[in-house]
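Q: Under the working numbering, the sequence shown is numbered contiguously, ending at residue 161.
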Amino acid sequence: MGCSSQPRTPPVQAPAPPPVIAMDPAAVALIDRCARAVEGTTPAPQAVMFSAAARQRLMLVNVTQQLRAAEASTEARIAKARGALRGLARTDKEKAQIAIALLDLDDGHDPSSSLPKRIVTNDAYRDLIEAHGVLQITRAEHAKISAQIDAIDKVFAEMPAPVPPSERW
């Protein structure tokens, strides 16, 4: 049993949860006002559903804002790692290998087999690989939450309009 001379690459981990962004007090107040207005003209179950869906949608919009911020910081991290990786090239051949490896990485392939060992074991390369994984996870979460927002919007569009007080009598 011998020790491997190659360093272990840490597994790609989910991004750290983004900082909690407080819901906009004006938006919460507007939802409360709308809920009270709907309660007076709509059967109770629909009013409760409207209020809950509106709050859920607001929370999901806040999460998408957090994910956008996480995506932007991860993209900046990727750009920095790409620059550092390009700076490691000593020859034109290595520059070409790095350019091809970056294209492979963008296509979702593991480019390590085409690069010299000194580049693959460099921190900039490992950071680039990890950041790409984090970005994929963040984008997948963003897509899921956007689909949930679209579903809530569809429910709102299909809800019957409240009956005006003049028509109830």
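Every residue, glycine too, gets a C-beta built ideally from N, C-alpha and C.
Helix or strand or just coil, what does DSSP make of A149?
A: A149: helix per DSSP, three-state reduction.
Q: Within 10 Å of its beta-carbon, does T130 have 16 or more other beta-carbons around it, so buried, or fewer, so exposed?
A: That one is buried.
Q: Would you mind working out which of A143, A132 and L94 sits nearest L120, comparing C-alpha positions?
A: It is L94 whose Cα lies nearest to the Cα of L120.
Q: Can you list, in chain order, the residues of its chain whose CB lies under 7 angstroms from that of Y117, leaving out five sequence neighbours each side?
A: Closer than 7 angstroms at the Cβ level, and outside the excluded window around Y117, lie L77 and I111.
Q: On a Cα-Cα basis, can you pick out the residue from D145, L127 and A149 that is closest to E63?
A: That would be L127, whose Cα lies nearest to the Cα of E63.
Q: With a Cβ-Cβ cutoff of 7 angstroms, do I144 and A45 count as a contact?
A: The answer is yes: Cβ separation under 7 angstroms.
Q: Applying the 10 Å Cβ sphere with the 16-neighbour rule, what's the burial state of A73?
A: So A73 ends up on the buried side.
Q: Kindly list the residues whose CB is nearer than 6 angstroms to the CB of R69, restricted to its own chain and excluding five residues on each side of it in sequence; keep chain order.
A: Correct list, in chain order: A123.
Q: Considering only C-alpha positions, which residue in the set Q140, D96, A88 and L80 is nearest to T56?
A: Selected option, being the one with the closest Cα: Q140.
Q: Jot down the residue ranges of each uninterrupted alpha helix (DSSP H) in the segment 105 to 146, minimum 4 residues, whole runs only, in chain order.
A: For the segment 105 to 146, whole alpha helix (DSSP H) runs of length 4 or above, ordered along the chain, are 109 to 112.
Q: Using 8 angstroms for Cβ pairs, my map puts I137 next to L59. What's the rounded Cβ distance?
A: 7 angstroms between Cβ atoms; contact.
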